[in-house]
Each structure stands twice: as C-alpha cells, then as structure tokens.
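Undergrad:
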Amino acid sequence: MQIQNATDALTLALHLAITADTENQAQKCIEYAEIIAATLTAKQVERCKMAAEMTAMLESWPRVTGKTRAPKQGKIIACPHCMECSRVYHFAWSGLQCSHCETMVDKSQWIVPPKEYQ
Ligand SMILES: [Zn+2]
Numbered sequence: 000m001q002i003q004n005a006t007d008a009l010t011l012a013l014h015l016a017i018t019a020d021t022e023n024q025a026q027k028c029i030e031y032a033e034i035i036a037a038t039l040t041a042k043q044v045e046r047c048k049m050a051a052e053m054t055a056m057l058e059s060w061p062r063v064t065g066k067t068r069a070p071k072q073g074k075i076i077a078c079p080h081c082m083e084c085s086r087v088y089h090f091a092w093s094g095l096q097c098s099h100c101e102t103m104v105d106k107s108q109w110i111v112p113p114k115e116y117q
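Position 60 of the sequence shown, counting from 1, maps to 59 under numbering that gives the first Met the number 0, and the rest follow consecutively.
(1) What residue range is occupied by the uninterrupted alpha helix (DSSP H) comprising residue 74?
(2) Could you check whether residue 63 and residue 80 sit closer than 9 Å to each other, using their CB atoms as the reference points?
(3) Quick check on this structure: which residue in 22, 53, 45 has the alpha carbon closest to the alpha carbon of residue 14?
(4) Please classify residue 28 as buried or exposed, where buried requires at least 16 other C-beta atoms within 10 Å of its C-beta.
(5) With residue 47 as the anchor, note down where its beta strand (DSSP E) starts and where it stops.
(6) When you measure from the CB of residue 99 to every non-hydrogen atom of ligand 1, does any distance come out below 8 Å?
(7) Taking residue 25 and residue 12 to be in contact with their CB atoms under 8 Å, please state how far apart those CB atoms are, rounded to whole angstroms.
(8) Taking 9 Å as the threshold (C-beta atoms), are residue 92 and residue 106 in contact?
(9) In the DSSP assignment, find the unbroken alpha helix (DSSP H) run with residue 7 in it and report its ends.
(10) State buried or exposed for residue 102, treating a residue as buried only when at least 16 other CB atoms are found within 10 Å of its CB.
(11) Work out the CA separation of residue 1 and residue 108 for me, nearest whole Å.
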C-alpha cells in the first residue's frame with residue numbers, strides 16, 4: 000500500500016494496530032493513529048477504520064495454492080493490492096494481472112475468500 004495522504008496513513012496505522020503481535024506495539028500504532036486522526040473529519044476516520052478492518056480480514060484469508068480449484072461457475076479471488084475481486088474459471092496460470100489496479104499478481108498471492116463470499 001502506498002501512502003499518499005493522511006487517510007492512507009491512518010488506515011495503515013489502524014491496520015498495524017489490529018494486526019500487531021503485542022499489546023505494546025498495538026498501543027504505539029494507536030498513538031500514531033490518534034495523531035493522524037486529529038487532522039481528519041469523523042467521516043474520514045470512520046472510512047479508514049472500515050478499510051483497516053477489511054484489509055486485516057482479507058489478510059487472514061487463505062491464498063491460492065496448487066490445490067485450489069475453480070468450480071464450473073468460476074471462483075472469486077481477491078487482489079492483495081486493491082482488494083477488488085475477480086472471477087476465474089481455472090488456475091492454469093502462474094500469475095495474473097489484476098483487472099482493477101493492473102498489478103501483476105503471483106498465483107500464490109491471490110486471496111481466496113471463504114465460501115460465504117463466493
Ligand atoms: Zn488489484
């Protein structure tokens with residue numbers, strides 16, 4: 000993720016706070032987040048919180064492996080860069096360009112959302 004403005008910075012700080020290994024690290028991230036949040040509107044802060052939670056959730060989901068198969072109706076996979084979803088009908092490729100952000104993504108980097116999102 001590239002940081003271009005305060006909302007990006009806040010989203011990243013919140014994301015790091017959610018995924019921090021220790022309480023101490025999380026607390027430091029929250030301190031940074033509060034400094035950045037003070038420069039933003041409540042609506043912007045709310046949007047950053049949602050984006051950070053969404054990213055943390057996506058990161059906890061599995062990646063495409065050699066065993067991933069696509070059913071007849073295709074399989075939804077999510078780009079790890081822009082979090083947008085794409086539908087694929089086979090996995091006979093080693094990398095795929097995301098149609099949303101145009102990043103070339105290795106097969107093993109694509110996120111496989113759980114069944115309820117398929
Ligand atoms: Zn993308």
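Glycine included, each C-beta is placed from N, C-alpha and C at the ideal position.
TA: Let's see:
(1) Per DSSP, residue 74 belongs to no alpha helix (DSSP H); it is in the beta strand (DSSP E), 74-77.
(2) no
(3) 53
(4) buried
(5) That residue, residue 47, is in no beta strand (DSSP E); its alpha helix (DSSP H) goes 41-59.
(6) yes
(7) The pair is not a contact, with the Cβ atoms about 11 Å apart (cut-off 8 Å).
(8) yes
(9) 5-18
(10) exposed
(11) 18 Å
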